[in-house]
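Residue numbers (my numbering): -11 to 112. For every residue, glycine included, the Cβ atom is placed at its ideal position computed from N, Cα and C.
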Amino acid sequence: MADVMSMSRKPTGMKGKVHDLATTLQSQNEALGVEKGHVHSIKAGNTNSSSGMQSQLNDVKRYFGADIQRMMQEFEVQSKLQESENVRLQQQVTQLKGEKTSVHQQIIALQRRIEELEEELGHE
């Protein structure tokens, strides 16, 4: 009942305005406290989210690092295989060139022999 009386008898004038301002200030302070709590929880969530994203980024970094390392090793193995194959083929090319030269010399020798035989047959 006293509340009803105080509600119906608001102070007027300067005291009333000060009382209204104090009430408004108190309610705004309470709202500000609530908003500060929201901001704090958002900041905490952002920190957790950032650390979670950093963890995921580190995982991706490790994965790609391992993948690149594996590819480099495979490349080195393939490179060595290719080098040995190149050496083998170069040896075959050298051998074939030698055989070609030998065959060419044999052809020249046979042509000379044919010419000699033709001269012998032509004189008889």
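- Item | Range of the contiguous alpha helix (DSSP H) that encloses T12 | M2 to H111
- Message: Rounded to the nearest angstrom, what separates Q93 and E107 at their Cα positions?
- Response: 21 Å
- Item | Rounded straight-line distance, which links the Cα of Q99 to that of K68 | 46 Å
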